[in-house]
Structure formats: C-alpha cells, structure tokens
Amino acid sequence: MLNEKIQKALNEQVREEMASFYLYLSMSAYLEAQNLRGMASWMAKQAQEELGHAMKFFRYIHERGGRVTLEAIPKPENEWASPQAVFEATLAHERHITACIYKLVELATAERDHGTASFLQWFVTEQVEEEGAAEGILARFHMGAGQPAALLFLDRELGARQ
Ligand code: FEO
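Residues in the sequence shown are numbered consecutively from 167, following the working numbering.
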C-alpha cells in the first residue's frame, strides 16, 4: 500500500508526463507546419514515449493498491522562434522532469518506501538518455548553424528514428 504523500506525488508525476506528451505533440505540430517532417516525426515519437511514461506511473500506482486521480494538464505552447528553439525547450523540459524524478526518489527514500525508490530507478536511467538525446540534437544544430542544407540533413536523420 502506498502512503498518502507518495500516492499524491506519483499522481502529480502522471500529470507531468501527460503534460510532456501534450507539449511534444504541440512541438510536432509546429515542426510539421515548418515542413520539417523528419523532426515532426521524431517529436511525435517522443510524445508517444511520454504517454508510455505516464502509463508506467498509472499502472504502478494501481499495482501498489493506490488510487489514480487525473489532474488538468496545461495548454502547451504552440509557437517557437525556430526549430532550434524547439529543441532548446525540449532540453529545458527534460531537465525539469529529471528534477521531478530526483525529488520523487528523495521522497520515497525519506518515507522508507524502497519499492517505489526501486521503481523510480528506471526513470533515473531514462532521464540520462532523454537529456543526452536533446543535447546531441542541439549540438548538431550548432554545428550546422544557419546552413539550410544542414537543417534538411538533420531533418532527414531525425526522421529515421524508429
Ligand atoms: Fe518522461 Fe521525457 O521524460
């Protein structure tokens, strides 16, 4: 059984992951409107991953005999200054999510809920990958700064994401 504090914090993380899903879906729509179909596809897959993350928390709360209560997710941004700005916002958002996960781990440890602390380790590892992916893409933007051919090349590369 989950204690109240942990249940509340896990439910809050369901909301955070759903907000990530919504934000990345909005970014995908923006990239599609810029005719960057590869980047739009990459971002749509990222959105799907976030939905998967939300569902992992959803299932875990139930598995521990808890109660899932869904909260409102905010309206996402719809416009960015450039495709690069989209990926800068992605990295900033992933850093925010990493901070949320670390706070959850600290709470689970303080409450001596080792089951939840262990469950969260998957997300600790995932966040290293998520931040690394966004940093890698931004590095490519910086390398090709201002060159349309580099942007199109990166678009094609990101479109290959499985
Ligand atoms: Fe669910 Fe991208 O963190």
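Note that CB positions come from ideal geometry on N, CA and C, so glycine has one too.
Check whether the Cβ of residue i sits closer than 7 Å to any heavy atom of the ligand FEO, and report yes or no.
| i | result |
| --- | --- |
| residue 301 | no |
| residue 172 | no |
I think residue i touches residue j, with their Cβ atoms under 8 Å apart; what is that distance to the nearest whole Å?
| i | j | result |
| --- | --- | --- |
| residue 217 | residue 187 | 5 Å |
| residue 175 | residue 304 | Wrong, their Cβ atoms sit about 30 Å apart, outside the cutoff. |
| residue 245 | residue 196 | 7 Å |
| residue 184 | residue 209 | Between residue 209 and residue 184 the Cβ distance is about 16 Å, and since that is not below 8 Å, they are no contact. |
| residue 327 | residue 207 | 7 Å |
| residue 324 | residue 204 | 5 Å |
| residue 213 | residue 190 | 4 Å |
| residue 274 | residue 172 | 6 Å |
What residue range is occupied by the uninterrupted alpha helix (DSSP H) comprising residue i?
| i | result |
| --- | --- |
| residue 288 | 280-309 |
| residue 211 | 203-229 |
| residue 171 | 170-199 |
| residue 239 | Counting along the chain, residue 239 falls outside any alpha helix (DSSP H), and DSSP gives it neither H nor E. |
| residue 322 | 314-325 |
| residue 247 | Run containing residue 247: none; DSSP gives neither H nor E here. |
Please confirm if the stretch 170-181 is in contact with the stretch 262-272, defined as three or more CB-CB distances below 8 Å between the two stretches. Because the criterion of three Cβ pairs below 8 Å is met, the stretch 170-181 and the stretch 262-272 touch.
Meets three-Cβ-pair contact criterion under 8 Å: the stretch 264-278 and the stretch 224-237: Too few Cβ pairs lie closer than 8 Å, so no.
When a residue counts only if its C-beta is closer than 6 Å to some heavy atom of the ligand FEO, which residues count, in chain order? Any residue whose Cβ sits closer than 6 Å to a heavy atom of the ligand FEO makes the list: 183, 186, 216, 219, 260, 263, 296.
So, do the stretch 295-306 and the stretch 243-261 have three or more beta carbon pairs nearer to each other than 8 Å? Output reads yes: the stretch 243-261 touches the stretch 295-306.
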